[in-house]
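Asker: Add 2 to a position in the sequence shown, counting from 1, and you land on the number used in my numbering. Heads up, the beta-carbon is just placed ideally off N, CA and C, and yes, glycines get one too. I have a structure here, written as structure tokens, and I will follow up with some questions on it.
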Amino acid sequence: MLEIKNIDVYYGVIHALKDISLTVSQGEIVTLIGANGAGKTTTLRTISGLIKPANGRVDFNGERIKGTSAKDIVKKGLSHVPEGRRVFPEMTVFENLELGAYLRKDKKGIKDDLDRVYASFPILQKRSRQNAGTLSGGEQQMLAIGRALMSRPKLLLMDEPSMGLAPLLVKEIFSIIRQINEQGTTILLVEQNANMALSIAHRAYVIETGSIVLEGTGKELAQSEEIKKAYLGG
Numbered sequence: 003m004l005e006i007k008n009i010d011v012y013y014g015v016i017h018a019l020k021d022i023s024l025t026v027s028q029g030e031i032v033t034l035i036g037a038n039g040a041g042k043t044t045t046l047r048t049i050s051g052l053i054k055p056a057n058g059r060v061d062f063n064g065e066r067i068k069g070t071s072a073k074d075i076v077k078k079g080l081s082h083v084p085e086g087r088r089v090f091p092e093m094t095v096f097e098n099l100e101l102g103a104y105l106r107k108d109k110k111g112i113k114d115d116l117d118r119v120y121a122s123f124p125i126l127q128k129r130s131r132q133n134a135g136t137l138s139g140g141e142q143q144m145l146a147i148g149r150a151l152m153s154r155p156k157l158l159l160m161d162e163p164s165m166g167l168a169p170l171l172v173k174e175i176f177s178i179i180r181q182i183n184e185q186g187t188t189i190l191l192v193e194q195n196a197n198m199a200l201s202i203a204h205r206a207y208v209i210e211t212g213s214i215v216l217e218g219t220g221k222e223l224a225q226s227e228e229i230k231k232a233y234l235g236g
């Protein structure tokens, strides 16, 4: 479904991504783990068209999307839940969700998807007329995920969904991610909580200083002594 091959990204003279290659197959949860500043967010922003790579290839569903605008990438079925949630604080929960469907014209489909989001996140329906800025961190994360789902994505990019959340909420968010995947959405997940990420991932990549250094199944990496020492507190 997604293939990125030999991607290089520079921030001025800083070589942020170095010859990155990874794949995500339909139906998978694939996670990308690594330390702060390793290049995880840059990888997602490159895939979703927010950063233009110096070279390399980004293919989605067999189509070259490198150089395609972020808006057109969303149209093709790829949505991005950004780090830090990035909800619109002065707009209501309902208006934020509506914005997620701004490229769609199918009113009945939009209504059906809104009902599905409310079924997955009942608190959002309860708070639908509240401004998003009044929500708790966990509720804002649910809203960010719900907004992305309103574009009916085939592939969902998720950047640090557990950041800043209490442990109980982290478990809830990861349970929801698994549920979204079981309902048919493929997921590429960037996450610092390596334990949780590897527990739900079919496959995983480890990125260090802009390079992929390890890959394997979620289970294999969770059992790796090297990974335990570096990321799992083992």
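Measuring CA to CA, which of Leu158, Ile75, Val215 and Gln28 is closest to Leu105?
Answerer: Closest option to Leu105, Cα to Cα, is Ile75.
Asker: If you follow the beta strand (DSSP E) that Ala206 is part of, which residue opens it and which one closes it?
Answerer: That run of the beta strand (DSSP E) goes Arg205 to Glu210.
Asker: So, using beta-carbon positions, are Ile147 and Ile22 closer together than 9 Å?
Answerer: No; because the gap between Cβ atoms is not below 9 Å, this pair is not in contact.
Asker: Which same chain residues, not among the five before or five after Glu5, have their C-beta less than 7 Å away from its C-beta?
Answerer: Taken in chain order, the residues that qualify are Thr25 and Asp61.
Asker: Does DSSP put Phe62 in a helix, in a strand, or in coil?
Answerer: If DSSP states are grouped into helix, strand and coil, Phe62 belongs with the strands.
Asker: Can you tell which of Ile179, Gln185, Ala168 and Gln28 has its C-alpha closest to the C-alpha of Leu200?
Answerer: Considering only alpha carbons, the answer is Ile179.
Asker: Under DSSP, the beta strand (DSSP E) around Met160 begins and ends at which residues?
Answerer: Where Met160 is concerned, the enclosing beta strand (DSSP E) stretches over Leu157 to Asp161.
Asker: Report back the beta-carbon spacing between Thr188 and Gln28 to the nearest angstrom; my notes put them in contact at under 8 Å.
Answerer: Contact flag correct, Cβ pair sits at about 6 Å.
Asker: For Ser213, does the three-state DSSP call read helix, strand or coil?
Answerer: Looking at Ser213 - three-state DSSP - the assignment turns out to be strand.
Asker: Report buried or exposed for Ser177, applying the criterion of at least 16 other Cβ atoms within 10 angstroms of its Cβ.
Answerer: When all chains shown are included, Ser177 counts as exposed.
Asker: Under the assumption that Leu191 contacts Thr33 (Cβ atoms under 8 Å), give the Cβ distance between them as a whole number of angstroms.
Answerer: With 8 Å as the limit, Leu191 and Thr33 qualify as a contact, their Cβ atoms being about 4 Å apart.
Asker: Helix or strand or just coil, what does DSSP make of Asp115?
Answerer: Three-state DSSP puts Asp115 in a helix.
Asker: Pick helix, strand or coil for Glu222, following the three-state DSSP scheme.
Answerer: Here Glu222 sits in helix by DSSP.
Asker: For Ser164 versus Gly41, is the C-beta spacing smaller than 9 Å?
Answerer: Cβ distance not < 9 Å, so Ser164 and Gly41 don't count as in contact.
Asker: Leaving aside the five residues before and after Arg205 along the sequence, list all residues of the same chain whose C-beta is less than 6 Å from its C-beta, in chain order.
Answerer: The residues are Val32 and Thr219.
Asker: DSSP state of Ile53, grouped into three classes?
Answerer: Looking at Ile53 - three-state DSSP - the assignment turns out to be coil, as it is neither helix nor strand.
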